[in-house]
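One structure below.
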Amino acid sequence: MRAAALAFLLLAAAAPADMAEQDALKADSRAAALRRDADAADDKARTARQKAIDLARRIQNGEARVSAIEAGTARLERLRREQRARLAAQHGEISRLLAVLQTLSRRPAGLVLLEPSSAVTTARVSALLEAVQPTLRTRTAEYRRALVDSRAMQARLVTSKQQLLAANTELSQAIRQLDGVQADLRAERDSLDREADEERAQARTLAAKAMDLRGLAGAFDDSAGTNARRLAPSRPIRAAAAPLPFPYQQPAAGSIVEGFEDMSRVGVRARGITLATRKGAQVVAPAKGRIAYAGPFRTYGDIVIVQHPGRLLSMMSGLERVDVLVGETVSAGTPIGRMGSLEPELYLELRQSGRPIDPAPHVRKTGRDG
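If you want our numbering, it's the 1-based position in the sequence shown plus 927.
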């Protein structure tokens, strides 16, 4: 009896230990499940961000292709108009030659008997007819060849317009897909939004104090202290021959319309480059970094400032829409916004240790495969 009671007491004492161990195992299991969920969410977010980069590259390639096809189509239409004008001129010349032949051929043969002097005229008319006919045959052959060329030109124009339609359709599909991916990423950005409230408030304060783009870029140059910015030269410096420590790409497909240190429209030396882009062109981060500023600034439209490793900073202005948040980490090619629809021009300024350098030697063109 006493042994049974002792066994019961031992079992009762062991029960809480077993329960505690079971609770610990359950907690470990829940923690492992949460880690798996977090890893899966991270993988999903990384996949979505990479898909956004791939789609942005596809959009820029599509924009470049559409621009090239549009230029080719415009050229074909101009050549077609010139060809039509030449055909009309050739047709008019042939018509005039035919009219002359018809007039000459209607001269009555009996007139030679009534007017002996007209025999000489008739001979001259016959000689003229023989002279005109080879010219007419030559002009007719040329006109026929021109007609063949015209039909070929028309076929090329039709093909070019079909290619343009297909390229625009593909571009629109890629834009819609990117919009969908960015919508999926908004939940993550909303979370980042709450965490970055204080940082964004500080960014707005700095922007409010800046009077122009130079002041704005200087305010966010994390590598240059107050003294360094005060001692910075008033004019830009040329880029050193040494390459940047990371790949650097052109943020939008387009052509340079104002180069580094060119005299700008307002009469000062440009501290960056200006790109003429397509309407609504996709803008991407030129290199990896962190968003220091994103939003409107005075009369410059929407501005995005990216702080890069190696004491470098990129500033882009002239955007109509911004798709990134302050504090967000971006990779090269991450879509950051879009251009407007009224003569869009993107200004790009690259700064190193607080000083503007020429980005052109470092830029890898966008809008190409690869």
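Note that beta-carbon positions come from the ideal geometry of N, C-alpha and C, so glycine has one too.
THR1204 carries a strand assignment under DSSP once its states are collapsed to helix, strand and coil. DSSP, reduced to helix, strand and coil, places GLU1004 within a helical segment of the structure shown. For ALA1221, the enclosing beta strand (DSSP E) has its first and last residue at 1216 to 1223. It is roughly 24 Å from the alpha-carbon of ALA1212 to the alpha-carbon of ASN1095. Around the beta-carbon of GLU1276, 16 or more other beta-carbon atoms lie within 10 Å, marking it buried. In the three-state DSSP reduction, GLY1107 falls in the helix class (H, G or I). If you check the CB distance, GLU1247 and ILE1218 do not come in under 8 Å. Note that the C-beta distance between THR1201 and ALA1180 is not below 8 Å. Distances from the alpha-carbon of GLU1069 to those of ALA1093, LEU1112 and GLN1010 put GLN1010 closest. By the Cβ neighbour-count rule, VAL1251 is buried, with 16 or more other Cβ atoms within 10 Å of its own.
Here PRO1262 is buried, its C-beta having at least 16 other C-beta atoms within 10 Å. Relative to GLY1237, the option among ARG1007, SER1268, TYR1227 and GLY1281 whose CA is nearest is GLY1281. Using a Cβ-Cβ distance cut-off of 8 Å, the stretch 1013 to 1031 and the stretch 1062 to 1082 are in contact, since at least three pairs of beta carbons, one from each stretch, lie closer than that value.
Within the same chain, PHE1147, ALA1219, TYR1220 and MET1242 come within 6 Å of ILE1232 by CB-CB distance, once the 5 residues on both sides are set aside. In terms of Cβ geometry, PRO1288 and GLY1199 do not form a close pair [threshold 8 Å].
Non-local C-beta neighbours of ALA1093 in its own chain, meaning closer than 8 Å and more than five positions away in sequence, are absent. A straight-line Cα-Cα distance of about 50 Å links MET1266 and GLY1019. In the DSSP secondary-structure assignment, SER1182 is bridged to ALA1203. Note on geometry: alpha-carbon atoms of GLN1279 and ILE996 lie some 38 Å from one another. Counting along the chain, the unbroken beta strand (DSSP E) around HIS1235 starts and ends at 1229 to 1235. Around the beta carbon of LEU1269, fewer than 16 other beta carbons sit within 10 angstroms, so the residue counts as exposed. In this chain, GLN1176 is not harboured by any beta strand (DSSP E), its DSSP state being neither H nor E. DSSP links TYR1274 through a beta bridge to THR1201 and SER1244. Sixteen is the threshold: since fewer than 16 other Cβ atoms of the shown chains lie within 10 Å of the Cβ of VAL1193, the residue is exposed. DSSP lists no bridge partner for PRO1172.
Scanning ALA1214, GLN1109, GLY1186 and ARG1066 for the CA closest to the CA of GLN1177 turns up ALA1214. The bridge partners DSSP lists for PRO1286 come to none.
Counting only the Cα atoms, PRO1271 lies some 22 Å from THR1000. When only Cα atoms are considered, VAL1253 and GLN977 end up about 20 Å apart. Counting C-beta atoms within 10 angstroms of its own C-beta, GLY1264 has 16 or more neighbours from the protein chains shown and is therefore classed as buried. Judged by DSSP secondary structure, MET1266 falls within the beta strand (DSSP E) whose first and last residues are 1262 to 1266.
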